[in-house]
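Structure, as structure tokens:
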Amino acid sequence: MKKETTTETNQKSAKYLKVLTEEMPADLETPVSAFLKLRKYGAKILLESVESGTILGRYSFIGIRPGSKIIINQNELIVKNGGAGTKMPHAGVDSPLESLKEILDSLKLEVSSDYPPLLGGAVGYISYDFARFFEKIPQKTNDSLKMPLALFYLIDTLLVFDHVKRRLKIMTLAEEGREDMAQDKIRQIVKLLLSPLELPVHFPIEKSTENLKSNFEKEKFCNVVRKVKEHIVAGDVYQLVISQRFSGTTESDPFMIYRALRMLNPSPYMFFLDFDDIRLIGSSPEALVRLEKGIATVRPIAGTRPRSEDNETDKKLEEQLHNDEKEKAEHVMLVDLGRNDLGRCCEVGSVKVTDFMKTERYSHVMHMTSNVIGKLKSGLNQFDLFRAAFPAGTVTGAPKIKTMQLIEELENIRRGPYAGAAGYFSLTGDMDWCITIRTIIMKNKDFFLQAGAGIVADSVPENEYQETCDKLAALKKAIEIAEEGF
65 MKKETTTETN QKSAKYLKVL TEEMPADLET PVSAFLKLRK YGAKILLESV
115 ESGTILGRYS FIGIRPGSKI IINQNELIVK NGGAGTKMPH AGVDSPLESL
165 KEILDSLKLE VSSDYPPLLG GAVGYISYDF ARFFEKIPQK TNDSLKMPLA
215 LFYLIDTLLV FDHVKRRLKI MTLAEEGRED MAQDKIRQIV KLLLSPLELP
265 VHFPIEKSTE NLKSNFEKEK FCNVVRKVKE HIVAGDVYQL VISQRFSGTT
315 ESDPFMIYRA LRMLNPSPYM FFLDFDDIRL IGSSPEALVR LEKGIATVRP
365 IAGTRPRSED NETDKKLEEQ LHNDEKEKAE HVMLVDLGRN DLGRCCEVGS
415 VKVTDFMKTE RYSHVMHMTS NVIGKLKSGL NQFDLFRAAF PAGTVTGAPK
465 IKTMQLIEEL ENIRRGPYAG AAGYFSLTGD MDWCITIRTI IMKNKDFFLQ
515 AGAGIVADSV PENEYQETCD KLAALKKAIE IAEEGF
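Just so you know, the sequence shown maps onto residues 65 to 550 in our numbering.
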């Protein structure tokens, strides 16, 4: 008897989906107002973008009433549809991404060239510690957060804001024979969008950011920096990123914190991921990896200065940044690492740097950024590319595997979602993932803020400590604004 292959099994169990759409003007609606109107109806995901901190990205996405929740733990992938869920052990697969790929491959739809890059798929986060599926990293530190290694929603209904055409599309995927149910869902969403917005009333509450706890005292952090410098002198690594985590508790509505953060620190990757007891509220400046129509992109960020309210001082800080040999050397090293990551999956000769050491300004800091692109090799897919790029060298250092091994020894807690990725694997074959930095991680009412500094041979420990604090300033301020009520 012939044994069925995975591909044959997937073809038999495949669901063939139609894309149903309803289009309306978007001149009187914003992604935030739409999310608030649809929150009780099951809005769970909001993805927005302000490129280079000043230019609005073309699309914003709201994910509504997800079909399934996908949970990845150390030993299994669980697909939940409201009940206990279906368990898929990792045994026999190279990584859980293979199981996730099987799930997405079983959903078939015809893709038009005018569709947005996200058209249903898996949206969520992948923790930094997921890298253990790809590389041999010791397990020495405490997993104090106790969160899944990855969490996704399987999204089949989206609100897509096209900021170029000023249009809003409601897009839902329907199996043959279930189009009427999908149309009913669209009509309900239209009805809610046309209704007046009822803003929740928020009264000031006690500030939670005045007594934050860190996993490192300042002197302990500085001692770790000194140990890293010893490893650099010994030739173990060239550069290594050490982070610290602050924690607190707030009574504030998580979405009000997101509202404050998007006003305070508009960024290329702004996201609100609501998994009920776990939420990620992010304003990340840095892409991990993107794939759109076969073109792969990474955008390394390395080199930081605080912002000044005075324009002349701000320009001088920018000049200091670009004249700092330490910052420039670190940046070049990480651009090379990004080129190497893309080179593993892209056609020979297609990888090139299109922007180099450009300044991007955000509310509290400015960064040096570069852009690296390449054409994906034939026969490879979004999951192959993700594996090649994860985790980003800008949150580990170089060489990547050795620095990850040392991070496990030097940091006293597991990183969890911090320095991992937030984004999506689309049914179109595209993907877009950012690095989960400048991100508030919430577990029920507890919140966690984490930031790192890239240590090189001539790093000053006290300066590196201060850099981590500067990077968290916007997150702390967003929580304070939400707690003040607005």
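We put the CB at the ideal spot given by N, CA and C, even for glycine.
Can you find the residues in the same chain that come closer than 6 Å, C-beta to C-beta, to residue i, ignoring five residues on each side of it along the sequence?
i	result
Ser113	Gly121 and Pro332
Lys67	Below a pLDDT of 50, predicted positions are generally treated as unreliable, and Lys67, at 36, falls in that range; no measurement from the model is reported.
Ser159	Phe197
Ile477	Thr205, Asn206, Ser208 and Asn279
Ile142	Ile135, Gly149 and Lys151
CA-CA distance, residue i and residue j?
i	j	result
Lys249	Ala238	11 Å
Glu502	Gly346	The sequence given here places Arg at residue 502; Glu does not occur at that position. The straight-line gap from Cα to Cα measures roughly 6 Å.
Asp400	Asn527	25 Å
Arg326	Pro95	11 Å
Met311	Lys284	Strictly speaking, residue 311 in this sequence is Ser, with Met absent from that position. The straight-line gap from Cα to Cα measures roughly 17 Å.
Gln514	Glu240	46 Å
Lys76	Leu168	The predicted model places Lys76 with a pLDDT of 49, which falls under 50 and marks its position as unreliable, so this point remains unresolved.
His386	Met421	8 Å
Lys464	Asp193	14 Å
Arg555	Met506	Nothing can be reported for residue 555: it is not among the residues displayed for the chain, which extend from 65 to 550.
Thr314	Asp388	39 Å
Cys533	His428	11 Å
Val228	Glu199	41 Å
Thr458	Tyr482	13 Å
Arg129	Leu223	11 Å
Ile321	His154	36 Å
Lys390	Ser132	47 Å
Starting from the C-beta of residue i, find all residues in its chain whose C-beta is less than 7 Å away, skip the five residues before and the five after it, and write them out in chain order.
i	result
Phe319	Phe336
Glu243	Lys82 and Leu84
Lys271	Glu544 and Glu547
Thr236	Leu84, Asp220, Thr221, Ala246, Lys249 and Ile250
Gly549	His266, Phe267 and Pro268
Glu473	Lys204
Ser316	Ile269, Ile543, Ala546 and Glu547
Met397	Tyr302, Gln303 and Ala462
Thr492	Val175, Tyr179, Pro181 and Leu183
Cys409	Ala360, Leu440, Lys441, Leu444, Asp448, Leu449 and Ala452
Lys380	none
Glu93	Leu232 and Leu257
Lys101	Leu256, Leu257, Ser259 and Leu261
How would you call residue i, buried or exposed, if buried means at least 16 neighbouring beta carbons within 10 angstroms?
i	result
Thr433	buried
Asp494	buried
Glu72	Because the pLDDT of Glu72 is 43, which lies under 50, any placement of that residue in the model is unreliable, and the question is left without a value.
Thr467	buried
Ala214	buried
Arg230	exposed
Thr377	exposed
Ser97	exposed
Leu261	exposed
Met65	Caution applies to Met65, whose pLDDT of 33 falls short of 50 and renders its modelled position unreliable; the value that the coordinates give is listed next. So Met65 ends up on the exposed side.
Arg354	buried
Pro212	buried
Leu539	buried
Asp373	Inspection of the sequence shows that residue 373 is occupied by Glu rather than by Asp. Exposed is the call here.
Would you say residue i lies against chain D (beta-carbon separation less than 8 Å)?
i	result
Asn206	No chain D is part of this structure, which consists of one protein chain only.
Across which residues does DSSP place residue i in a beta bridge pair?
i	result
Asn206	Ile477
Val124	Per the sequence shown, the amino acid found at residue 124 is Ser instead of Val. Looking at the DSSP assignment, Ser124 forms a beta bridge with Phe225.
Met327	According to DSSP, Met327 bridges with nothing at all.
Ala515	Gln308
Pro370	Val429
Glu87	Lys233
Gly487	Gly188 and Trp497
Ser348	Tyr333
Counting only the same chain and skipping the five closest in sequence on each side, list residues whose C-beta sits under 8 Å from that of residue i.
i	result
Glu281	none
Val551	Residue 551 falls outside the range modelled here, since the chain spans only 65 to 550, and no answer is possible.
Glu394	Gln303, Ala366, Gly367, Gly518 and Val520
Gln384	Arg369
Lys79	Ser170, Leu171, Lys172 and Glu239
Val254	Glu86, Met88 and Ile234
Thr423	Glu382, Leu385, His386, Met430, His431, Met432 and Thr433
Gly146	none
Ala186	Ile134, Leu164, Ile167, Leu168, Phe216, Tyr217, Leu218, Ile219, Tyr488 and Phe489
Val524	none
In chain order, which beta strand (DSSP E) runs of at least 3 residues are fully inside the segment 243 to 307?
none
Which residue spans inside the segment 127 to 172 form an unbroken alpha helix (DSSP H) run of at least 4?
160 to 169
Hey, which unbroken runs of the alpha helix (DSSP H) at 4 residues or more fall wholly within the segment 396 to 442?
none
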